[in-house]
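Report on the structure given below.
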Amino acid sequence: MIISASTDYRAAAQRRLPPFLFHYIDGGAYAEHTLRRNTEDLADIALRQRVLRDMSELSLETELFGEKLALPVVLAPVGLTGMYARRGEVQAARAAAAKGIPFTLSTVSVCPIEEVAPAIDRPMWFQLYVLKDRGFMKNALERAKAAGVTTLVFTVDMPVPGARYRDAHSGMSGPNAAMRRYLQAVTHPHWALDVGLLGKPHDLGNISAYRGNPTGLEDYIGWLANNFDPSISWKDLEWIRDFWDGPMVIKGILDPEDAKDAVKFGADGIVVSNHGGRQLDGVLSSARALPAIADAVKGELKILADSGIRTGLDVVRMLALGADSVMLGRAFVYALAAAGGAGVRNLLELIDKEMRVAMTLTGARTIGEISRDSLVRELGA
Numbered sequence: 001m002i003i004s005a006s007t008d009y010r011a012a013a014q015r016r017l018p019p020f021l022f023h024y025i026d027g028g029a030y031a032e033h034t035l036r037r038n039t040e041d042l043a044d045i046a047l048r049q050r051v052l053r054d055m056s057e058l059s060l061e062t063e064l065f066g067e068k069l070a071l072p073v074v075l076a077p078v079g080l081t082g083m084y085a086r087r088g089e090v091q092a093a094r095a096a097a098a099k100g101i102p103f104t105l106s107t108v109s110v111c112p113i114e115e116v117a118p119a120i121d122r123p124m125w126f127q128l129y130v131l132k133d134r135g136f137m138k139n140a141l142e143r144a145k146a147a148g149v150t151t152l153v154f155t156v157d158m159p160v161p162g163a164r165y166r167d168a169h170s171g172m173s174g175p176n177a178a179m180r181r182y183l184q185a186v187t188h189p190h191w192a193l194d195v196g197l198l199g200k201p202h203d204l205g206n207i208s209a210y211r212g213n214p215t216g217l218e219d220y221i222g223w224l225a226n227n228f229d230p231s232i233s234w235k236d237l238e239w240i241r242d243f244w245d246g247p248m249v250i251k252g253i254l255d256p257e258d259a260k261d262a263v264k265f266g267a268d269g270i271v272v273s274n275h276g277g278r279q280l281d282g283v284l285s286s287a288r289a290l291p292a293i294a295d296a297v298k299g300e301l302k303i304l305a306d307s308g309i310r311t312g313l314d315v316v317r318m319l320a321l322g323a324d325s326v327m328l329g330r331a332f333v334y335a336l337a338a339a340g341g342a343g344v345r346n347l348l349e350l351i352d353k354e355m356r357v358a359m360t361l362t363g364a365r366t367i368g369e370i371s372r373d374s375l376v377r378e379l380g381a
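The UniProt record's numbering puts the first residue of the sequence shown at 1, with every later residue one more than the last.
Here it is as structure tokens:
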């Protein structure tokens, strides 16, 4: 039974992908409680239905950091997207551009900045971690500027990698991982041809461009583990704020005090996020964390939210809880893995239609009219 387009695409992705790739995108940290709560808590939020409101004029358009968006959705940075479809970052970026929304390229993408940026007719966003190798960070920022990137998304909730036990079981890591991945690939011929053979090179394009030699999947886990920096603090971002003259968004905020610190730092936006449940299990879902953060900093910077968003109804719920826009991660990667760029375009159209139904039946004619008045109750109320 199809519960949502994302559910259907997830099932199709699971059939098509080698298990190590499916479980890498599908899994979370530790026992995956937060992973599940992200979707369950959103589903528990009840909307306030209103009727006979003359909803003939309805608009999903919004503005974010000076950019006009056709709907309040940004494709989130997802590592290794190019392993889920042939040159996957390019396909996803084109789908986002066709819909009139931003695409955010991950630091650890397969396709480098220089391949993705020229492939679309609107500026893209770029995501960066605080890493021990400051030379790489400076190089990436310079290349992002040169490519016309408008908005920098700084992920701060990954000073150390989370414990993702699915990866060891699936073959993404652990003993004999390379052989296990090879055997899985040959038993999934569609993926093996489309991505495994025709989607090369399979390396981390942004890192390879800096190092001057290929950085493949074998190096991926080790490079990340060696370069994440548990000593980072707000002062480590100051030189980046000085260097980057465009909008800067801090991704990975779950506490109002950290949101206030982002305002003091001079961030243009934050992403209320628990990294899709992939870092610290047992923390609040984004839906539970969002209202208090919105109460603390709404209007002082732009508030985005991610983690658990699968449908247009979820987008409306997050906006009602206080977000100005949302980021979509797993949902678009499932669609990409199942049907390439066409799948992502279809998913975005379905989200558009679902939002229109939800807005019509809650009496919100514009994105700005979606508020807590659109809710019967919040979580725990």
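Glycine included, each C-beta is placed from N, C-alpha and C at the ideal position.
Per DSSP, the continuous beta strand (DSSP E) segment holding L328 begins and ends at 325-328.
DSSP places L254 in the coil class of the three-state scheme, outside both helix and strand. Judged by beta-carbon spacing, V326 lies within the 7 Å limit of V73, meaning their Cβ atoms are closer than that value. With at least 16 other beta carbons inside 10 angstroms of its own, W244 counts as buried.
With 16 or more neighbouring CB atoms inside 10 Å of its own CB, H275 falls in the buried class.
No Cβ-Cβ contact shorter than 7 Å links P102 with G205. Assigned with DSSP and collapsed to three states, I370 falls in coil, not helix or strand. Beta-bridge annotation (DSSP): F243 is not paired with any residue. The secondary-structure analysis by DSSP pairs E63 across a beta bridge with K68. Counting other Cβ atoms within 10 Å of its Cβ, R372 stays below 16 and is therefore classed as exposed.
Rounded to the nearest angstrom, the gap between the Cα atoms of A97 and G341 is 11 Å. Residue range 205-211 is occupied by the alpha helix (DSSP H) that includes Y210.
Note on geometry: alpha-carbon atoms of L301 and G322 lie some 12 Å from one another. M83 carries a helical assignment under DSSP once its states are collapsed to helix, strand and coil. Every alpha helix (DSSP H) stretch that sits fully inside the segment 129-201 and reaches 4 residues is listed by chain position as 134-146, 165-170, 177-186.
Assigned with DSSP and collapsed to three states, A117 falls in helix.
R16 and L197 have their C-alpha atoms some 15 Å from each other.
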